[in-house]
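Protein chains: 2
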Amino acid sequence: MNIYDIAEKSGVSIATVSRVLNDSDKVSEKTKEKVMKVMAEEDYTPNVFARGLSGESTHTVGVLVPDISDNYMARAVALIERRLHEKDYNMLLSCSGFRAEEKEEHIRMLLEERIDAMILVGSTYAGSDTKSHNTGYIEKAAQKKPLFLINGDVDAENIFCTFSNDYAVSLDLTKKLIENGRNRILFLTDSESYSAKKKKAGYEKALEEAGIAPIPSLICHIRNNIDETVSYLEENHPDFDACFATDDAMAVGVLKYAMKHGVSVPKDLSIIGYNNSELALATTPELTSVDNKLEKICDDTVIRLFSVLSGNGFVPRRTSVACTVVQRGTTNH
Amino acid sequence: MNIYDIAEKSGVSIATVSRVLNDSDKVSEKTKEKVMKVMAEEDYTPNVFARGLSGESTHTVGVLVPDISDNYMARAVALIERRLHEKDYNMLLSCSGFRAEEKEEHIRMLLEERIDAMILVGSTYAGSDTKSHNTGYIEKAAQKKPLFLINGDVDAENIFCTFSNDYAVSLDLTKKLIENGRNRILFLTDSESYSAKKKKAGYEKALEEAGIAPIPSLICHIRNNIDETVSYLEENHPDFDACFATDDAMAVGVLKYAMKHGVSVPKDLSIIGYNNSELALATTPELTSVDNKLEKICDDTVIRLFSVLSGNGFVPRRTSVACTVVQRGTTNH
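These protein sequences, in sequence, are chains L and A. Everything in the first sequence is counted per the numbering used here, starting at 8 for the first residue and increasing by one. Everything in the second sequence is counted per the numbering used here, starting at 8 for the first residue and increasing by one.
Next comes the structure, spelled out in structure tokens:
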């Protein structure tokens, strides 16, 4: 008798059984009673406790990403898997999407599995896609298993964070654009995540320091997709002389739009992307992009994970890794 | 007492214990004896059998890819994960690399885990990277768990294959290049996999039908990397008027090389990539590329997986999916 059987016998989904086990507010009292009655009849003990009592390592780590088809996240998962495999650990991979409710459900379900720890890839887990959403759900999860956050910063017990200095590098590169005479800098982002907010704050701080008033029409929230970026610019034709995008695909879209309209890059338009992906090398000219040292972030995360699991010594909860800007053909020096 | 403890007590790696359990030839008789003695002392039963006897579903599928940071494979994993999750199944993800020995070891280790079935993504598992390598290792694995192969065709009990018609589409597009007056067609591939061989066979057949002798210096095995392709062309400066690459990154490298040297595309050079990735949209002009219908292949694979696991009705072992050519700016119509 396992959670799947309980779900079937109760006539509810596994997610609902999971919610009952976690005493979630989202299940009605009536449903809760029905499920608990079935559990009592079947003498069911949730595996998560059984495992906790046995104290045995499962040699498995749960890894959660919003979207594995995203280049950046796929690279992160590849790096993490390699390090886990070296230590004979398995990876249970789950893809949650970006919506708050789905992220919570995926974490809840991962916690039901035989895992020693969880790694959450992407700052979406530390940020918010809606104003009402907070980080309480991962703080709660971290009470059950050690939780490692890549590109997020949540200050709570049993949550270990590794993030890059997005604020400092964004401030710095926006300042350099201004020094080079740019003053209408388009800021493109696809997210309201922790890391996107840091990038935006750096951009805004640089404008403020230079005494430039931010122009609302130049701060745009779009999807991180080459052709949708081109379409957005065709529809809105913003007046800009530089662009700083929080991911490379949007920056490539800007370059494509510029080439289509005969705008000279980098003479009349500077473009900077983020994540230093393969896309940055596909274009002519090649794209200047921020390298946020994903390999170092992932290595650091897995090293700390094994330190926590082995119980050896003090493990710092928060670590920052410094980004660098890779200068290529879409910006002047 | 589990496999990790047996490994530690025997002073060997987990992979070695796994090899002993699978009665592999690669372990010396001496090591085999040592490990088996520890197993006997500890009264150890491999979990794989215990699970087989209990007959209970683990609701987990093992997924093996050579490299998850590859765009194509990451997209496949995203599609598979979504379908598995819809059915409340988990994905145990493992990344094997491309070397025969590593692939065999990863499959052996996955079989030790609590999984209901295995999905192998990428034709490397059905092909060979060395001449001595064959598909016996996956045929053996399929005796233990149903095995689903994406982009490969292995005719054996309990192996279910879904693959695209790479031969037909390659034959067809090479014929069209010849009809358009091209006769020095560069063929770039990064692999000797099942699917790469089919593509090459289609290319060669088209040349043969047109009475064009294949030129060895125009059939090149390189890495699927934009800048390495550019370097290769700079060093070898082959004389060609068209290029057919078995993956988009190589085709983008060819376009970059052409732009650098002022070659007019598609007027004086036609370029065709494969997999219709995001890279194909990053360039100006955009890249003509073969769409091998990955979504359909993955959906079909997971649907058949659940049919096999539920034991409902007859499930065909081999399914072919038709590719299409997405015509863009690097070829004439």
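A virtual CB, placed ideally from N, CA and C, is assigned to each residue, including glycine.
{"Item": "Just the chain A side, please: which residues come within less than 7 Å of Ala203 of chain L by C-beta, in chain order?", "Value": "Those within 7 Å of Ala203 of chain L in chain A number zero; the least Cβ separation is about 20 Å."}
{"Item": "Could you check if Asp373 of chain A is buried or exposed, using at least 16 other CB atoms within 10 Å of its CB as the buried criterion?", "Value": "Since the first and last residues shown for chain A are 8 and 340, residue 373 of chain A lies out of range."}
{"Item": "So, are the CB atoms of Ala133 of chain A and Tyr201 of chain A less than 7 Å apart?", "Value": "yes"}
{"Item": "For Tyr174 of chain L versus Phe194 of chain L, is the C-beta distance shorter than 7 Å?", "Value": "no"}
{"Item": "According to the neighbour-count rule (16 or more other Cβ atoms, all chains shown, within 10 Å of its Cβ), is Ser139 of chain A buried or exposed?", "Value": "Any reading at Ser139 of chain A must be qualified, since the residue scores a pLDDT of 42, below 50, and its modelled position is unreliable; the value itself is stated next. Burial call: exposed."}
{"Item": "Restricting to Cα atoms, I'd like to know which of A:Gly218, A:Cys250, A:Pro153 and A:Lys267 is closest to Glu241 of chain A.", "Value": "A:Lys267"}
{"Item": "Is Val259 of chain A helix, strand or coil by DSSP?", "Value": "helix"}
{"Item": "Just to check my reading of the structure: Asp298 of chain A and Cys250 of chain A have Cβ atoms closer than 8 Å, yes? What is that Cβ distance to the nearest angstrom?", "Value": "Actually they do not touch by this definition, with Cβ atoms about 18 Å apart."}
{"Item": "Please report the distance separating the alpha-carbon of Asp12 of chain A from that of Glu49 of chain A.", "Value": "10 Å"}
{"Item": "Can Ser277 of chain L and Arg189 of chain L be called in contact, C-beta distance under 7 Å?", "Value": "yes"}
{"Item": "In its own chain, which residues sit with a C-beta less than 7 Å from the C-beta of Leu118 of chain L, not counting the 5 before and 5 after it?", "Value": "Val55, Ala148, Lys151 and Lys152"}
{"Item": "Within the continuous beta strand (DSSP E) that includes Thr196 of chain L, where are the two ends?", "Value": "Ile192 to Thr196"}
{"Item": "If you count every other CB in all the chains shown that lies within 10 Å of the CB of Pro73 of chain A, and 16 or more means buried, which is it?", "Value": "buried"}
{"Item": "To which residues of the same chain is Lys300 of chain A closer than 8 Å at the C-beta, ignoring the five residues directly before and after it?", "Value": "Ser171, Val328, Ala329, Cys330 and Thr331"}
{"Item": "Quick one: is Arg115 of chain A near chain L, going by C-beta distance under 7 Å?", "Value": "no"}
{"Item": "At 3 residues or longer, and completely inside the stretch 234 to 318 of chain L: list those beta strand (DSSP E) runs for me, N to C.", "Value": "249 to 252, 277 to 281 and 295 to 298"}
{"Item": "So that I know if they touch, is there some Cβ in chain L lying closer than 7 Å to that of Met125 of chain A?", "Value": "no"}
{"Item": "Would you mind sorting Lys33 of chain L into buried or exposed? The rule is 16 or more other CB atoms within 10 Å of its CB.", "Value": "exposed"}
{"Item": "Rounded to whole angstroms, what's the CA-CA distance from Arg90 of chain A to Leu180 of chain A? Just pull it up for me.", "Value": "32 Å"}
{"Item": "Within 7 Å (strictly less), CB to CB, does Arg82 of chain L reach chain A?", "Value": "yes"}
{"Item": "Is the CB of Ala289 of chain A under 7 Å away from at least one CB in chain L?", "Value": "yes"}
{"Item": "Can you say whether Ile310 of chain A is buried or exposed, counting buried as having 16 or more other CB atoms within 10 angstroms of its CB?", "Value": "exposed"}
{"Item": "Output the distance between the C-alpha atoms of Gly318 of chain L and Val68 of chain A, rounded to the nearest integer angstrom.", "Value": "31 Å"}
{"Item": "Given that Arg26 of chain L touches chain A, what residues does it touch there, using C-beta distances under 8 Å?", "Value": "Simply none; closest approach about 14 Å."}
{"Item": "Which of the three DSSP states is assigned to Arg106 of chain A in this structure?", "Value": "coil"}
{"Item": "Going along chain L in order, which residues have a C-beta closer than 9 Å to the C-beta of Ile233 of chain A?", "Value": "Glu285, Leu288 and Ala289"}
{"Item": "Quick check on His92 of chain L: does DSSP put it in helix, strand or coil?", "Value": "helix"}
{"Item": "When Cβ atoms are compared, which residues of the stretch 214 to 247 of chain L fall closer than 8 Å to chain A?", "Value": "Ile233 and Asp234"}
{"Item": "Rounded to a whole number of angstroms, what is the C-alpha to C-alpha distance between Leu100 of chain L and Asp307 of chain L?", "Value": "19 Å"}
{"Item": "Using CA atoms only, rank isn't needed, just tell me which of L:Met257, L:Phe105 and L:Val261 is closest to Arg230 of chain L.", "Value": "L:Met257"}
{"Item": "Exposed or buried, which one is Pro223 of chain A when buried takes at least 16 other CB atoms within 10 Å?", "Value": "exposed"}
{"Item": "Can you find a CB in chain A that lies within less than 7 Å of the CB of Ser76 of chain L?", "Value": "yes"}
{"Item": "Taking the DSSP output, what are the residues bridged to Phe155 of chain A?", "Value": "A:Ile126 and A:Phe167"}
{"Item": "Comparing the C-beta of Asn97 of chain A with each C-beta of chain L, is any distance below 7 Å?", "Value": "yes"}
{"Item": "For the stretch 305 to 336 of chain L, list every residue whose C-beta sits within 8 Å of some C-beta in chain A, in sequence order.", "Value": "none"}
{"Item": "Give a yes or no on whether 7 Å exceeds the smallest Cβ distance from Leu4 of chain L to chain A.", "Value": "Here chain L has residues from 8 to 340 only, and residue 4 of chain L is not among them."}
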